[in-house]
Amino acid sequence: MLYYYIRILKKLSVLKVWNYFLLLGSFHYSRFFNRAVQKGLPFFISVEPTTSCNLRCPQCPSGLREFSRPRGMLDPSFFNKMLSQLNHRLFGLTFYFQGEPYLNPNFLEMVKVANDQGIYTSTSTNAHYLNKENVRLTVESGLDKITISIDGTSQESYERYRKGGDLEKVIEGTKELIRQKRELRKNHPHIIWQFVVFRSNENEIESIKKLGKELGVNEVKIKTAQIYDFENGHDLIPQNEKYARYSKDHAGNYKIKNNLLNECWRMWQGCVITWDGKVVPCCFDKDAAYRLGDLQAERFEKIWFSPAYNKFRSQVLGDRKSIDICTNCTEGTQVWA
């Protein structure tokens, strides 16, 4: 774990630290005066390698094949062009939004490009493509962190949500990654097992922690599940409210635990870029309904500091509950254990 934090610190620079404090100052000034001001460039960005996925998870647009926006793959040449506008101040890049990153044949090539420019890199995967070759390329790419979705300790519980998934592949892929890290004498990527809690697997929380420790993953994180139609309850919502994003009111209806304060740090510190260059405010805008710019037509700085972007930030400061993508947001409500 110490090596991981040292690796993070090595990705920092004076300019990146200064930029972070510009963002922090802008955010708190905006909150205090209720007027959106932005002085820094993003510290952390998510970019979408692909919208495609091999699984059919029932609460995911990729799994349901229900996107209202175009589907496709991030092109390396476009990625390089985008990165050249951001690399000097950008600290971190998450190669994930929707879809399974390893389905993009150029995914790890792009990770290597970002890593070579001193940018912290991470991704999230269902681990079905962590074969020997991909694992070797993953380690060699310099990827800093990999989050592996594993929502069960038995095939029965795992596939209740990860439709079409094979738990044994996830475990074997994890083992291969750990083995090759040792063989190549590398301490990266930092491996996280992410366990999303549903009613069907909430009794397996302790067993997933035990299994992760036995295999040697760096961390096991327990995450609450996002449910789209939660108001009237849902059979995916766990019975233990500690692990649910939602609570039942006196009328028997469910509501998100988040009080939705009129503020959001995410609107200042970063954004999401879709595979085709649309800039959207955060990862809850899965269909890119709130498109604030298009990198195919404009430079990033023009979009980031634009009146349209500041208008959206002002709406968050003034009436966040009126923005539909915010109504299922977990900012400040997540349970990590």
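First residue of the sequence shown? That's 5 in the numbering used here, and the numbers climb one at a time after it.
From the three backbone atoms N, C-alpha and C, an ideal C-beta is built for every residue, glycine too.
If you check the CB distance, glutamine 273 and proline 46 come in under 8 Å. Looking only at Leu90, His254, Ile226, Gln102, the smallest Cα-Cα distance to glycine 156 is reached by Ile226. If only complete runs of 4 or more residues are kept, the region 287-314 shows the alpha helix (DSSP H) at 304-308, in order along the chain. Short of 7 Å from the beta carbon of aspartate 239, and not among the five residues preceding or following it, lie these beta carbons of its own chain, in chain order: Arg203. Short of 8 Å from the beta carbon of glycine 67, and not among the five residues preceding or following it, lie these beta carbons of its own chain, in chain order: Cys57, Leu59, Arg60, Cys61, Lys167. For the region 169-216, the continuous beta strand (DSSP E) assignments of 3+ residues that do not extend past its boundaries occur at 194-201, in sequence order. With distances taken between CA atoms, tyrosine 8 lies nearest to Glu223 out of Pro109, Glu223, Ser326. A contact between stretches requires three or more CB pairs, one per stretch, nearer than 8 Å, and the region 237-257 meets this requirement with the region 190-203. Every unbroken stretch of the beta strand (DSSP E) spanning 3 or more residues and falling wholly within the region 85-134 is given here in chain order: 96-99, 124-129. Looking at the DSSP output, phenylalanine 48 shares a beta bridge with Gly96, Gly274. Ranking Tyr106, Phe71, Val117 by CA distance to the CA of leucine 87 puts Val117 first. Cβ contact annotation for valine 41 (same chain, cutoff 7 Å, sequence separation greater than five): Ser30, Tyr33, Ser34, in chain order. Looking from the CA of tyrosine 162, the closest CA among Tyr294, Asp253, Arg183, Gln198 belongs to Gln198.
Under the three-state reduction of DSSP, threonine 228 is assigned to strand. Nearest neighbour of asparagine 257 by Cα position, chosen from Glu267, Met271, Phe234, turns out to be Phe234.
Shown here, lysine 261 sits in coil according to DSSP, grouped into three states, outside any helix or strand.
Our two residues, histidine 194 and aspartate 148, have alpha carbons roughly 6 Å apart in a direct line.
Three or more Cβ pairs closer than 8 Å define a contact, and the region 122-131 meets that threshold against the region 169-178.
Relative to the Cα of tryptophan 279, the nearest Cα in the group Gln63, Phe83, Asn135 belongs to Phe83. Residue range 6-14 is occupied by the alpha helix (DSSP H) that includes lysine 14.
Annotation: the continuous alpha helix (DSSP H) that includes serine 34 extends over 18-37. According to the DSSP secondary-structure assignment, glutamate 223 is paired through a beta bridge with Ile196.
The beta carbons of serine 126 and cysteine 287 sit about 13 Å from each other, so the pair does not count as a contact at 8 Å.
The residue among Glu137, Asn38, Ile175 with its C-alpha nearest the C-alpha of leucine 219 is Ile175. Per DSSP, the unbroken alpha helix (DSSP H) holding lysine 136 starts and ends at 136-145. About 11 Å separates the beta carbon of glutamine 102 from that of glutamate 70, a gap too long to meet the 8 Å contact definition. Its Cα nearest to that of glycine 177, the residue Val221 stands out among Asp323, Lys252, Lys214, Val221.
Excluding its 5 nearest sequence neighbours in each direction, asparagine 266 has C-beta neighbours in its own chain below 6 Å: Leu321, Arg324, listed in chain order. In its chain, beyond the 5 residues on either side, Pro80 have a beta carbon closer than 7 Å to the beta carbon of glutamate 113.
For lysine 149, the beta-bridge partners assigned by DSSP are Ser126, His194. Between the alpha carbons of arginine 303 and glutamine 89 lies a distance of about 8 Å.
Per DSSP, reduced to three states, the secondary structure at serine 251 is strand. Scanning its chain for C-beta atoms nearer than 6 Å, with the 5 sequence neighbours on each side dropped, one finds around arginine 73 the residues Asp291, Ala292, in chain order. As computed with DSSP, lysine 282 is found in a beta bridge with Asp298.
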